Amino acid sequence: MSKITVKDGTEIYYKDWGTGQPLVFHHGWPLSADDWDAQMFFFLEQGYRVIAHDRRGHGRSSQTATGNEMDTYAADVAELVEALDLKGAIHIGHSTGGGEVIRYAAKYGKGRIAKAVLISAVPPVMVQSESNPDGVPIAVFDGIRESTATQRNQFYQDLTIPFYGYNREGAKVSQGIMDNWWRQGMMGGIKAHYDCIKAFSETDFTEDLKSVDIPVLVLHGEDDQIVPFANSALKSIKHLKNGKLISYPGFPHGMPTTEAATINKDLLAFIKE
Numbered sequence: 001m002s003k004i005t006v007k008d009g010t011e012i013y014y015k016d017w018g019t020g021q022p023l024v025f026h027h028g029w030p031l032s033a034d035d036w037d038a039q040m041f042f043f044l045e046q047g048y049r050v051i052a053h054d055r056r057g058h059g060r061s062s063q064t065a066t067g068n069e070m071d072t073y074a075a076d077v078a079e080l081v082e083a084l085d086l087k088g089a090i091h092i093g094h095s096t097g098g099g100e101v102i103r104y105a106a107k108y109g110k111g112r113i114a115k116a117v118l119i120s121a122v123p124p125v126m127v128q129s130e131s132n133p134d135g136v137p138i139a140v141f142d143g144i145r146e147s148t149a150t151q152r153n154q155f156y157q158d159l160t161i162p163f164y165g166y167n168r169e170g171a172k173v174s175q176g177i178m179d180n181w182w183r184q185g186m187m188g189g190i191k192a193h194y195d196c197i198k199a200f201s202e203t204d205f206t207e208d209l210k211s212v213d214i215p216v217l218v219l220h221g222e223d224d225q226i227v228p229f230a231n232s233a234l235k236s237i238k239h240l241k242n243g244k245l246i247s248y249p250g251f252p253h254g255m256p257t258t259e260a261a262t263i264n265k266d267l268l269a270f271i272k273e
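Below, the structure written as C-alpha cells:
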C-alpha cells in the first residue's frame with residue numbers, strides 16, 4: 001500500500017493511478033478514498049492521473065487520536081501534494097472533503113492548484129449560530145456524536161438511507177452501495193470520526209471561500225438531506241470570486257455514487273474548460 005508519513009508521524013494512505021493532469025479526490029465523513037471508485041475509474045480511462053487519500057483517522061490511514069480537525073487535514077493534504085510534486089492539479093471534494101479542499105486551496109494551494117470542485121460540500125459553515133441563523137441546530141450534531149460514540153455500527157447502517165435518498169418515493173435502493181458505505185465507515189477510528197463531526201459542522205470556511213481566485217465549481221443536490229442545499233451551496237457561491245454553481249433537483253447527498261454518470265459528465269466539462 002502507498003503511504004506517506006506526515007510530520008506528526010501519522011501515516012496517510014493514498015491511491016495514485018495513471019498519468020496526465022492530476023485530479024485529487026477528497027472524501028466525506030466517515031468514509032475513505034474508496035468512495036471515489038466511480039470517479040477514479042472514469043477519469044483514469046479519460047487519461048487523467050487520479051489520486052485519492054484516506055483522511056487521517058479514516059480508512060487505511062493511522063487511527064489518530066489527535067489532529068482530527070480541518071487545519072491538520074489541510075496540512076496533511078499539503079504534505080501529500082508536495083511528496084507527489086503535484087502541479088496544476090484539480091482538487092475535488094465531497095461533503096467534509098469539500099471543506100478540506102477549500103481550506104487547502106486557501107492556505108497551501110498557490111502555485112499547485114488549478115481549479116477546485118465542491119460537491120455536496122459543507123462550506124461555508126453548517127451549524128446554526130447568531131451569524132448563521134438558518135443553519136443546522138447544534139443538537140443535530142450532538143445526536144450524531146452520541147450515536148457515533150455509542151452505537152456506531154448500527155448508526156452507520158441507518159445513515160445510508162437519507163445519505164443516498166433511499167427514503168424517497170421511487171428510489172432504487174442498492175444494498176451493495178449501503179454495505180460499501182458501512183464497510184468504509186467501520187474501517188476508520190471511532191475517536192477520529194467523533195472529532196471530525198465538530199470539524200465538518202463548526203468550521204467556518206467563509207474567509208477561505210473569499211480568498212481563492214481559482215475557478216471553483218459547486219455541485220449540489222437540491223434534495224440533500226445531510227448538507228442542506230440552501231445553507232451550503234447557495235451561500236458558498238456568493239463568496240467565490242470565480243465560482244460556478246450547478247444544482248440538481250431531486251439528487252441526494254451521495255450523488256457522486258448514485259448519479260455518477262451525470263456528475264462525471266459535468267466534472268469533465270469543467271476540467272476541460
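Take the sequence shown: its position 214, counted from the start at 1, is 214 in the UniProt record's numbering, and no numbers get skipped. For each residue, glycine too, the CB sits at the ideal point set by N, CA and C. In this text, all values refer to a predicted model and were calculated from it rather than measured experimentally.
In this structure, S232 sits near V122, with a CB-CB distance shorter than 8 Å. Shown here for V6: same chain residues with a beta carbon closer than 7 Å to its own, the five before and five after excluded, namely I12, D76 and E79 in chain order. A52 has K15 and F25 as its beta-bridge partners, per DSSP.
Fully contained in the region 190–261 are the following beta strand (DSSP E) runs of length 3 or more, in chain order: 216–221 and 243–248.
For A78, the secondary structure class from DSSP, reduced to helix, strand or coil, is helix. In this structure the region 199–216 does not touch the region 154–171; the number of beta carbon pairs closer than 8 Å is below three. Secondary structure in the region 60–148: the beta strand (DSSP E) runs of 3 residues or longer, each lying completely within the stretch, are 89–94 and 113–119 in chain order. A Cβ-Cβ contact shorter than 8 Å links G57 with G188.
Of the residues H91, D195, M255 and K238, the one whose Cα lies closest to the Cα of A171 is M255. I246 is a Cβ neighbour of L219, given a cutoff of 8 Å. In its chain, beyond the 5 residues on either side, P30 and T148 have a beta carbon closer than 6 Å to the beta carbon of H193.
Here the C-alpha atom of A260 lies approximately 17 Å from the C-alpha atom of H91. With respect to the C-alpha of K265, the residue from R112, F43 and G28 having the closest C-alpha is F43.
Residue environment analysis places M40 among the buried positions, since at least 16 neighbouring C-beta atoms fall within 10 angstroms of its C-beta. K7 carries a coil assignment under DSSP once its states are collapsed to helix, strand and coil.
In the DSSP assignment, A38 falls within the alpha helix (DSSP H) that extends over D37 to E45. Per DSSP, reduced to three states, the secondary structure at R168 is coil, with no helix or strand assignment. Rounded to the nearest angstrom, the gap between the Cα atoms of G135 and D224 is 14 Å. Only residues of its own chain outside the window of five on either side were considered, and among them H220 and E222 have a CB closer than 6 Å to the CB of F229, listed in chain order.
With respect to T10, T96 sits apart: the two C-beta atoms are not nearer than 8 Å. Between I4 and A83, the C-beta spacing is below 8 Å. In the three-state reduction of the DSSP assignment, M186 falls in the helix class, which pools H, G and I.
P162 carries a helical assignment under DSSP once its states are collapsed to helix, strand and coil. D208 sits away from R112, with the two beta carbons spaced by 8 Å or more. Distance between Q175 and W182, taken at the CA atoms: about 11 Å.
Non-local beta-carbon contacts of C196 in its own chain, meaning distances under 6 Å to residues more than five positions away in sequence, involve W29 and N68 in chain order. Under the three-state reduction of DSSP, L268 is assigned to helix.
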